[in-house]
Amino acid sequence: MVSPVRVWLNRTYAENVFFMDQLRRNPADRAVEIHATHGDPDSPVLAAADTADLEPEGLSAAGYVEFALDQCARRGIDVFVPRLHQTAIVAHRAEFEAAGTALLAPPPEAVAVFQDKVIAYEAVRAIGVPVPPWWRVRTADELVAAVEELEAHGHRACFKPASGAGGVGFRMVTRDPFSLTHLNGFPSPYVPLPLVVEALRAAEEPVDWLVMPRLEEPEVSVDLLTGPDGRVRMAVGRTKNGRRRGFTLQERWLGPARRIAETFGLHHLSNVQFRMYGDRPVLMDVNTRPAGGLHQLALCGITAPWAAVRLALGDDPGELTPPFLGQDYSVVAGPRPLRPAPARHPRPDLDLPSVPAHAPAPAPRPTVTAAADGLAAAAAPDPAAGAPA
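Okay, here's the thing in C-alpha cells:
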C-alpha cells in the first residue's frame, strides 16, 4: 500500500484552502495528508488541514527555521510549501532534504532577486522585459518630486512598499482636498498628497516606497510551474478586467513570464503579474510562491498543486497545457469551517454543535459565475469554444 504524501503549508493566505482541496482531489487518487500552521487560531487553513499547530510568535528568521525543521521531523513532512520566512527557509534546503522534506520553493538566489521590487525591476529590465517607470522614495521631498514628474507626463501617481506582497500598502495619490467624499461609501485607496506629505514629515523614520504610474487593465497573472532543470512545465495567464476573469495563452503575456522564470530560476510554483502602460504590457510584480488564485486554473482543466507536489518529489508531470480555456467567470466569497473556539474565548451566545477540525468542503458546482467554493472543480469544456487561444 502506498503511503500518503504529507504536505505542510505554513502561515499562508486563507484562500489556500482551495489549494488544499485540490491536493486531496488529485487525478492520481493518491492519498494526501495536509499539515497547516498559522499564527491566527481562526485561520480557515487550520480547520481545513488534517493536522494543525499554532505557530509561536516572536521568532526570528533563524528561530523559525528551527521550528520548521522540528515540524518536518515530528510530522513526517514530505513536501513543505513555505510562505512565511521563505528566504530563510530556502537557504537551509540541504537541512530539510536531510530530514526527508522537499521544499516547494525556488532557490535562495531567485528569492533574493524578487524580495525588493527595485532590484527586481532592474534585473528584469536587463533581460528585455518591459517595466514601468519608477522612483524609490524615502522622504516627503522625494515623493513630491516623483509625483510631479509623473503628473507632468499625464499619469496618476501611486505608491507601494518596495518590499511587500498582496497589495498591502498600495495607495493612489490625488490632489483633491480631504473632504466628506473620502468618508462616504467604502474606504478608498485614494489619498490626498498633502496628507501623505504631512505624515512623512512627522514620521520618525524614512519610508521605503516605490512610486510609479497607475497601470491600467487588463491585469494578467501568469501562473508558472518550473522544474529544477529550469524548464517551464506550465504557463497559463489569468486575466482580470474589473470583476470579469478569464484565461489566456497569448505569448505577449506568457513569453516574458517564461523568460523571467527560466532566467532567474523560479523553480516550482511562481506567479508573474503584468498590467498595461500605454499600449504595452509591463511587469507589475513577481511572486516566488503559489498565487492565492492558483486554484482557479481548475476551470481550464489543470490541477496545478498536485503537479507541483509531484515535481517536488522528483516525479516529472510533463507539460501542462489547458485542454480548454472555459468561459469567463467572477470570484465571490463562500463560507469555510473554523476550528472550535479556544476555551479562553467562550461564546455564551452560541449553543451549537462543534465543527470537526477537518470538515469536508461543500461539493463544487459549475455555474455561469464561478463561486470561490466551486473553483476547485473544472467546468466542463464548451464544445463551441474551440481550441485554446
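Reading the sequence shown from the start, the letters are residues 1 to 389 in the UniProt record's numbering. Positions of the beta carbon are idealized from the N, C-alpha and C atoms, including for glycine.
Residue i - containing beta strand (DSSP E), residue span
i: aspartate 21; result: Taken as a continuous stretch (DSSP letters only), aspartate 21 belongs to no beta strand (DSSP E), being part of the alpha helix (DSSP H) at 17-24.
i: glycine 63; result: It is not in any beta strand (DSSP E) - glycine 63 instead sits in the alpha helix (DSSP H) that spans 61-75.
i: valine 282; result: 280-287
i: glutamate 204; result: That residue, glutamate 204, is in no beta strand (DSSP E); it is neither H nor E in DSSP.
i: residue 393; result: There is simply no residue 393 to check, as the chain begins at 1 and stops at 389 in what is shown.
i: proline 150; result: Residue identity check: residue 150 is leucine in the sequence provided, not proline. Segment 140-152 is the alpha helix (DSSP H) holding leucine 150; no beta strand (DSSP E) there.
i: proline 192; result: 190-192
i: tryptophan 135; result: 135-137
i: threonine 174; result: 171-174
Element boundaries [alpha helix (DSSP H), containing residue i]
i: valine 129; result: Segment: none, valine 129 is in no alpha helix (DSSP H) and carries neither H nor E.
i: residue 477; result: Summary: the structure shown does not reach residue 477, with the chain confined to residues 1 through 389, and so no result is reported for it.
i: glycine 255; result: 251-264
i: proline 44; result: 44-48
i: arginine 93; result: 93-98
i: valine 113; result: 108-113
Identity of the residue in the options nearest residue i by Cα
i: glutamate 66; options: His85, Pro132, Asp50, Ile302; result: His85
i: alanine 170; options: Leu225, Ala341, Pro187; result: In the sequence as presented, alanine is not what sits at residue 170; that position holds phenylalanine. Among Leu225, Ala341, Pro187, the Cα nearest to that of phenylalanine 170 belongs to Pro187.
i: glutamine 327; options: Arg214, Leu266, Thr239; result: Thr239
i: valine 168; options: Phe159, Arg175, Thr174; result: Phe159
i: aspartate 316; options: Leu150, Leu210, Gly230; result: Gly230
i: valine 173; options: Leu180, Ala165, Pro194, Gly185; result: Pro194
i: threonine 101; options: Ile89, His153, Leu200, Ala112; result: Ile89
i: glutamine 115; options: Ala162, Leu325, Arg275, Glu151; result: Ala162
i: phenylalanine 247; options: Val196, Leu297, Trp209; result: Leu297
i: proline 41; options: Ala62, Ala61, Asn10, Trp134; result: Asn10
i: alanine 165; options: Gly318, Trp8, Val272; result: Val272
i: glutamate 151; options: Arg175, Pro130, Val129; result: Arg175
i: residue 392; options: Ala203, Leu299, His182; result: The structure shown does not extend to residue 392, since the chain is modelled only from 1 to 389, so the question has no answer here.
i: valine 332; options: Leu313, Trp306, Gly293; result: Gly293
i: alanine 61; options: Thr51, Phe80, Val81, Ala91; result: Ala91
Assigned exposure category for residue i - 16 Cβ within 10 Å defines buried
i: arginine 244; result: exposed
i: glutamine 250; result: exposed
i: isoleucine 127; result: exposed
i: leucine 225; result: buried
i: glycine 237; result: buried
i: phenylalanine 178; result: exposed
i: serine 221; result: buried
i: histidine 38; result: buried
i: arginine 201; result: exposed
i: arginine 141; result: Residue identity differs from the one stated: residue 141 is aspartate in this sequence, not arginine. By the 10 Å Cβ count, aspartate 141 comes out exposed.
i: aspartate 29; result: exposed
i: glycine 58; result: exposed
i: proline 44; result: buried
i: leucine 183; result: exposed
i: valine 211; result: buried
i: valine 124; result: buried
i: proline 189; result: exposed
i: threonine 303; result: buried
i: serine 354; result: Note on serine 354: pLDDT 36, under 50, position unreliable in the model; the coordinate value appears next. Looking at its Cβ environment, which holds fewer than 16 other Cβ atoms inside 10 Å, serine 354 is exposed.
i: leucine 180; result: exposed
i: glutamate 204; result: exposed
i: asparagine 16; result: buried
i: arginine 310; result: buried
i: alanine 199; result: exposed
C-beta contact flag for residue i and residue j at 7 Å
i: alanine 14; j: isoleucine 34; result: no
i: alanine 308; j: leucine 338; result: no
i: histidine 295; j: phenylalanine 19; result: yes
i: arginine 6; j: aspartate 53; result: no
i: alanine 265; j: proline 107; result: First, the amino acid is wrong: residue 265 is glycine here, not alanine. Closer than 7 Å, so yes.
i: arginine 156; j: arginine 214; result: yes
i: valine 118; j: arginine 136; result: yes
i: proline 335; j: glycine 301; result: no
i: alanine 120; j: valine 113; result: yes
i: arginine 83; j: threonine 12; result: yes
i: alanine 99; j: cysteine 72; result: yes
i: proline 132; j: tyrosine 277; result: yes
i: residue 390; j: alanine 312; result: Only positions 1 to 389 of the chain appear in this structure, which leaves residue 390 out of reach.
i: asparagine 241; j: proline 206; result: no
i: glutamate 319; j: arginine 233; result: yes
i: leucine 46; j: tryptophan 306; result: no
i: alanine 235; j: alanine 257; result: yes
i: valine 129; j: leucine 283; result: yes
Counterpart residues of residue i in DSSP-defined beta bridges
i: isoleucine 34; result: Val7
i: leucine 103; result: Phe80
i: valine 309; result: DSSP lists no partner for valine 309.
i: proline 213; result: Ala157
i: threonine 226; result: Val232, His268
i: leucine 54; result: His38
i: asparagine 241; result: Arg244
i: serine 221; result: Arg238, Gln273
i: tyrosine 329; result: Arg245
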